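Everything below concerns the one structure shown next.
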């Protein structure tokens with residue numbers, strides 16, 4: 127839990143209001159809010175309620191309940207669905223990408239010279255930008271390649287932020303190696319701006335993972351971290367089924383450290399890489415990667 | 101693992117000692133660069149040093165330069181822990197021999213993440 131997730135006492139909401147938001151979020155995003163997540167609703171909706179000049183979160187929810195579904199409802203769902211992120215979050219998956227997965231993919235794709243990566247819940251962009259920095263730092267030989275680097279989030283506000291590439295001191299202080307800060311960022315008063323040639327490597331777009339996906343081309347590396355945990359089992363199964371349809375036979379899926387395909391979709395194989403775990407689609411009998 | 105903490109603020113030394121002790125380090129806190137260098141004359145058994153920039157007399161940056169000249173201390177991982185937040189300062193610290201840089205304010209999680217970047221298991 128983040129410190130900012132702690133609600134102010136006056137922002138309490140009734141069980142009925144919580145239940146309304148829970149149903150709205152479930153319907154629009156398939157995200158399941160468990161009992162006891164009232165603090166999450168109040169903390170995430172607080173800033174939006176203030177911005178829209180409601181005197182409290184409760185008043186904001188009351189307004190949502192009394193009007194037909196529109197832009198405010200979408201903004202509310204997006205605010206709740208936003209996940210926490212940081213540069214090189216958890217370190218080990220990025221070390222595995224840098225030292226094993228990306229070199230292997232670059233080697234395998236040396237003839238087609240095409241590499242496709244999708245960061246499917248990128249929040250404010252630190253995840254795809256971390257990969258962009260690794261590519262700039264370690265893979266200068268990709269000049270002239272067809273790089274299809276995409277990153278999406280359910281929140282348009284987040285994809286706007288990601289595209290902008292402007293971060294606070296607290297954000298660059300978390301997980302970002304200092305040599306990368308010096309090499310890839312410019313300082314603009316109290317913010318840090320990712321250099322243009324790095325922040326433009328990924329294309330950012332809006333994608334609600336509960337709706338049809340706009341990425342249809344085969345993907346070499348699909349990053350879907352800390353998403354499945356918010357879905358119920360049926361939606362997890364559906365998302366993993368779609369992932370199987372999208373991943374190349376030798377492609378890799380990266381989930382969050384608390385997530386697994388186990389007992390949800392048996393057609394994935396768990397592949398430990400360094401100190402991280404990736405997943406590959408299990409080849410059918412007689413097929414090789 | 102042993103860590104040397106160089107900071108002239110008693111409160112900051114206490115915070116850093118608390119975080120590193122909990123992470124399993126043996127910590128040795130000192131208040132200035134001279135004390136750190138005197139200590140290292142007889143005891144170089146440290147894997148990590150956290151160095152504040154603004155120290156009395158010799159600065160943290162000068163200390164980093166001095167530490168990098170001490171024989172048998174090449175494997176010491178050096179991180180600046182400082183209120184200096186200018187990009188040029190970060191560059192200067194790295195060019196002088198620091199391996200990492202964390203800007204105040206920070207929390208425990210941020211500090212431990214930086215240690216992971218230095219290849220230290222926490």
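Residue numbers (the working numbering), protein chains in the order written: chain S, 127 to 415; chain F, 101 to 222.
We put the CB at the ideal spot given by N, CA and C, even for glycine.
Small disclaimer: the values here were computed from a predicted structure and weren't measured.
- In this structure, the alpha-carbon of residue 149 of chain S lies about 13 Å from that of residue 164 of chain S.
- For residue 112 of chain F, no Cβ of chain S is located within less than 7 Å of the residue's own Cβ.
- For residue 200 of chain S and residue 173 of chain S, the gap between their C-alpha atoms comes out near 15 Å.
- Shown here, residue 252 of chain S sits in a helix according to DSSP, grouped into three states.
- Scanning the stretch 237–297 of chain S from its first residue to its last, the whole alpha helix (DSSP H) runs of 4-plus residues come out as 252–264, 282–290.
- Assignment of alpha helix (DSSP H) within the stretch 113–191 of chain F, counting only whole runs of 4 or more residues, yields 133–142, 160–167 in chain order.
- Per the C-alpha coordinates, the member of S/186, S/235, S/193, S/382 positioned closest to residue 375 of chain S is S/235.
- Residue range 329–332 is occupied by the beta strand (DSSP E) that includes residue 332 of chain S.
- Listed along the chain, the chain F residues whose CB falls inside 7 Å of the CB of residue 299 of chain S are 202, 203, 206, 210.
- Taking C-beta atoms as the reference points, residue 260 of chain S and residue 224 of chain S count as a pair closer than 7 Å.
- In the same chain as residue 214 of chain S, and ignoring 5 residues on each side of it, the C-beta atoms closer than 6 Å to its own belong to 220, 256, 301, in chain order.
- Distance from the Cα of residue 272 of chain S is smallest, within the candidate group S/218, S/191, S/202, S/243, for S/243.
- Using a Cβ-Cβ cut-off of 8 Å, residue 190 of chain F is close to 304, 307, 308 of chain S, given in chain order.
- Residue range 200–203 is occupied by the beta strand (DSSP E) that includes residue 200 of chain F.
- Within 7 Å of the CB of residue 184 of chain F, no CB atom of chain S is found; the nearest one sits about 12 Å away.
- Residue 156 of chain S is a Cβ neighbour of residue 361 of chain S, given a cutoff of 7 Å.
- Between the stretch 335–345 of chain S and the stretch 308–316 of chain S there are fewer than three inter-stretch CB-CB distances shorter than 8 Å, so the stretches are not counted as touching.
- Put simply, the CB of residue 333 of chain S is far from chain F, with every gap to its CB atoms at 7 Å or more.
- Residue 187 of chain F has a beta carbon lying within less than 7 Å of a beta carbon in chain S.
- Separation of the CB atoms of residue 123 of chain F and residue 222 of chain F is rounded to 5 Å, and the pair is thereby assigned contact status at 8 Å.
- The stretch 126–135 of chain F makes contact with the stretch 102–115 of chain F; the number of CB pairs closer than 8 Å reaches 3 or more.
- What residue 216 of chain F touches in chain S, judged by beta-carbon distance under 7 Å, is 217, going in chain order.
- Neighbours of residue 194 of chain F across chain S, judged by C-beta separation under 7 Å: 304, 305, 308.
- Rounded to whole angstroms, residue 410 of chain S and residue 387 of chain S show a C-alpha spacing of 17 Å.
- Where residue 390 of chain S is concerned, there is no enclosing beta strand (DSSP E), because DSSP gives it neither an H nor an E.
- Collapsing the DSSP output to three states places residue 348 of chain S in a strand.
- Proximity of residue 295 of chain S to chain F, defined by a Cβ-Cβ separation below 7 Å, is satisfied.
- Under the 7 Å criterion on CB atoms, residue 174 of chain F is classed as non-interfacial with respect to chain S.
- In this structure, the beta-carbon distance from residue 246 of chain S to residue 159 of chain S does not fall below 7 Å.
- With 16 or more other Cβ atoms inside 10 Å of its own Cβ, residue 252 of chain S counts as buried.
- Of the residues assessed, residue 148 of chain F falls on the buried side of the cut-off, its CB having 16 or more other CB atoms within 10 angstroms.
- For residue 323 of chain S, the closest C-alpha among the options S/142, S/176, S/291, S/167 is that of S/291.
- Using beta-carbon distances, residue 252 of chain S does not count as an interface residue toward chain F, since no partner is under 7 Å.
- Here the alpha carbon of residue 144 of chain S sits roughly 18 Å from the alpha carbon of residue 194 of chain S.
- If the five residues before and after residue 354 of chain S are omitted, its C-beta is found closer than 7 Å to the C-beta atoms of 362, 365, 381, 385, all from its own chain and listed in chain order.
- Within chain F, not a single residue places a beta-carbon under 9 Å from that of residue 406 of chain S; the smallest gap is close to 26 Å.
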